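Position one of the sequence shown corresponds to residue 67 (this note's numbering), numbered consecutively onward.
Following: one structure in structure tokens, then a few remarks.
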Amino acid sequence: MRGRRTKVLVEPPAHATGDIAFNLIVFFLVCASIQPDSGRPQTLPSSETVEEGQQTENIEVAVSRAAVIINGDVTPMNRVFTRLKALLAGKQAPDDRVVVVKSESDTQYSRWLTITSMIEDAGGVVTLQLEEERIVEVP
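As structure tokens, this is what we get:
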């Protein structure tokens, strides 16, 4: 005679699902810890309105993939710091040491970061030109 077989269905206990869910939440929080991106700290000058007679000439630096242009002159990378240092030499007030940085959309971030670091090391205050202002004369 054969023995009688009973099928046993094994289910996990219902009270353990809360513990499993809690452990999974803790696991994912620990593994996916969020660290804020720490960029380069930068102090931007204020955007105060300046009277016509008081306006000083700011240094303009245009950064692209291929060249660095300081006040309209193409400058090799190895001469950028010395050129900026010479242009900023006689300027003491923070408003006089403002350097306007323009960059092309294809400029690499590492190149932009190097140029802005050189500007700050030379004593300049970096400001960004986000929009080009154009004056249209109507005849």
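For every residue, glycine included, the Cβ atom is placed at its ideal position computed from N, Cα and C.
Here the structure is a predicted model, which means the values were calculated and not measured.
Where the beta strand (DSSP E) containing S169 begins and where it ends: Run containing S169: 164-169, per the beta strand (DSSP E) assignment.
Cβ neighbour criterion (16 or more within 10 Å) applied to G190: buried
Cut-off 7 Å between Cβ atoms - residues of its own chain near M143, not counting five sequence neighbours on either side: Excluding positions up to five away in sequence, the list reads V134.
DSSP beta-bridge partners of I135: Secondary-structure assignment with DSSP links I135 through a beta bridge to A128, V140.
Sequence-distant residues of the same chain with beta carbon closer than 8 Å to R163, five excluded per side: L154, K157, G189, G190, V191
Sequence-distant residues of the same chain with beta carbon closer than 6 Å to A87, five excluded per side: none
Three-state class that DSSP yields for T193 in the structure shown: strand
Helix, strand or coil at R154 [DSSP, three-state]: Inspection of the sequence shows that residue 154 is occupied by Leu rather than by Arg. Residue state, collapsed to three classes: coil.
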